[in-house]
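For reference, the structure discussed in these notes is given below.
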Amino acid sequence: MMHSETPAPNPAKNPAKTYDIIIVGGGIVGSVAACGLAQSGLQVALIETQAQSFASTRGQAYSINLLSAQVFQDLGLWDTIRPFIEAYHAVNLSDGDYGKVVHFSPRDLQSKTFNTDTIGYVAEHRVLLEALQNLLRNTPNLDWICPATVTETHWTVDRSTVAVDVQGQSQTLHARLIVGADGSNSPLRTAAHIRTIGWNYWQSCIVAFVQPEIPHHQVAHERFQPDGPFAILPLPNGLCRIVW
1425 MMHSETPAPN PAKNPAKTYD IIIVGGGIVG SVAACGLAQS GLQVALIETQ
1475 AQSFASTRGQ AYSINLLSAQ VFQDLGLWDT IRPFIEAYHA VNLSDGDYGK
1525 VVHFSPRDLQ SKTFNTDTIG YVAEHRVLLE ALQNLLRNTP NLDWICPATV
1575 TETHWTVDRS TVAVDVQGQS QTLHARLIVG ADGSNSPLRT AAHIRTIGWN
1625 YWQSCIVAFV QPEIPHHQVA HERFQPDGPF AILPLPNGLC RIVW
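Residue numbering for the sequence shown is 1425 to 1668, as defined by the working numbering.
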């Protein structure tokens, strides 16, 4: 990706479009941000590199806390996703060097905001993203540009410009704000010279969906060991997600 701090010229065949906000990255985070901002009345463009059908095939699962669940309710998606996600009513935490288990339940929240017997929910990536993609298609004042690749960025004090390749055709987009939601190794962040501090764990993570012999009873388990954490997350239909 190229970057400069001077405005880019507009291609003659493709006049530039202007938005309030451009979001780069159409995963869970970028899609939630795009839908929420568009519903507030802003003009939003969402740019995603992967095709719509491919983006939803990732075999991941997420733990959704109560505040995140409220976000999906505010977007109007809760009734759509709720039948396909699993609530958990307790978490058992243990440490490899300590023989006892800490049992975390809803009464430990002590919150006036949430009057519930649930601590959180577990949802598959596919369930969340397919619901969000359907909302993206039907949200006014939101352009979902997909698949597309950001090739250049330019910005000044009061305006940012993005050059986008859409199936071989170049488009130019303007906005006052660009949001980078394009992953932990964000090319947009690199182009903006935003520094990060990190390190390599030199470890791999094994994840799997399993059907246990014993019912999970809507309880999540997490064990912290010297060589890394191990988690069991409950899913619908008696399935569990293993993270090791």
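All C-beta atoms in this analysis are idealised placements derived from N, C-alpha and C, irrespective of residue type, glycine included.
Spatially closest choice to residue i from the options, by CA coordinates
i     : options                    : result
G1497 : V1515, P1530, I1447, A1555 : Per the sequence shown, residue 1497 should be read as Gln rather than Gly. The shortest C-alpha separation from Q1497 is found at A1555.
T1473 : V1453, H1549, A1572        : A1572
G1520 : V1581, Q1649, A1493        : Q1649
S1518 : Y1512, W1623, H1527, T1542 : H1527
V1453 : L1533, Y1512, P1530, Q1557 : Q1557
L1566 : A1440, G1451, T1580, S1464 : S1464
I1446 : H1645, Y1522, V1586, P1564 : V1586
P1658 : A1615, V1574, V1634, Y1522 : V1634
H1641 : V1525, G1662, N1624, P1653 : G1662
P1611 : I1509, V1574, I1505, S1455 : V1574
Q1591 : P1639, G1460, Q1467, I1471 : I1471
G1483 : R1613, R1600, L1552        : L1552
P1564 : T1442, Y1522, A1458, G1450 : A1458
V1515 : A1493, D1651, V1643        : V1643
A1616 : I1602, Q1627, S1628        : I1602
W1626 : P1636, L1491, G1652, G1607 : G1652
A1462 : F1478, D1444, V1448, G1607 : D1444
R1647 : S1492, V1456, N1489, K1524 : K1524
I1621 : S1628, S1492, N1609        : N1609
H1645 : V1546, R1613, P1507, G1607 : V1546
N1562 : V1448, G1460, G1544        : G1460
P1507 : P1660, C1664, W1668        : P1660
Identity of the residues DSSP links to residue i by a beta bridge
i     : result
S1518 : V1525, R1647
I1666 : A1632, I1656
T1669 : Since the first and last residues shown for the chain are 1425 and 1668, residue 1669 lies out of range.
A1485 : E1548
I1509 : Its beta-bridge partners do not exist; DSSP assigns none.
T1620 : T1620 pairs with nothing; no bridge assigned.
T1442 : H1598
DSSP-derived helix/strand/coil call for residue i
i     : result
N1558 : helix
L1470 : strand
T1430 : Note that T1430 has pLDDT 39, beneath the 50 cutoff, so the model's placement of it is unreliable and the number below is only indicative. Note: T1430 maps to coil in three-state DSSP.
I1569 : strand
I1447 : strand
T1504 : helix
P1435 : A caution first: P1435 carries a pLDDT of 42, below 50, which makes its placement in the model too unreliable to give a value.
T1540 : coil
I1602 : strand
T1614 : helix
Neighbour-count burial assignment, residue i, 16 or more Cβ in a 10 Å radius
i     : result
M1426 : Note that M1426 has pLDDT 44, beneath the 50 cutoff, so the model's placement of it is unreliable and the number below is only indicative. Label assigned to M1426: exposed.
A1605 : buried
Q1595 : buried
W1623 : exposed
G1450 : buried
V1581 : exposed
I1638 : exposed
Y1522 : exposed
S1628 : exposed
S1455 : buried
Contact belief for residue i with residue j at Cβ below 8 Å, rounded distance in angstroms
i     : j     : result
I1666 : A1632 : 5 Å
T1542 : H1513 : 6 Å
A1469 : L1597 : 6 Å
L1490 : L1559 : At roughly 21 Å, the Cβ-Cβ gap does not stay under 8 Å, so L1490 and L1559 are not in contact.
I1630 : W1579 : In fact, because the Cβ distance is near 41 Å, the residues do not count as touching under 8 Å.
beta-carbon residue i near the ligand ZN non-hydrogen atom, thresh 6 Å
i     : result
Q1635 : Among the components of this structure there are no ligands whatsoever, and the ligand ZN is therefore not found.
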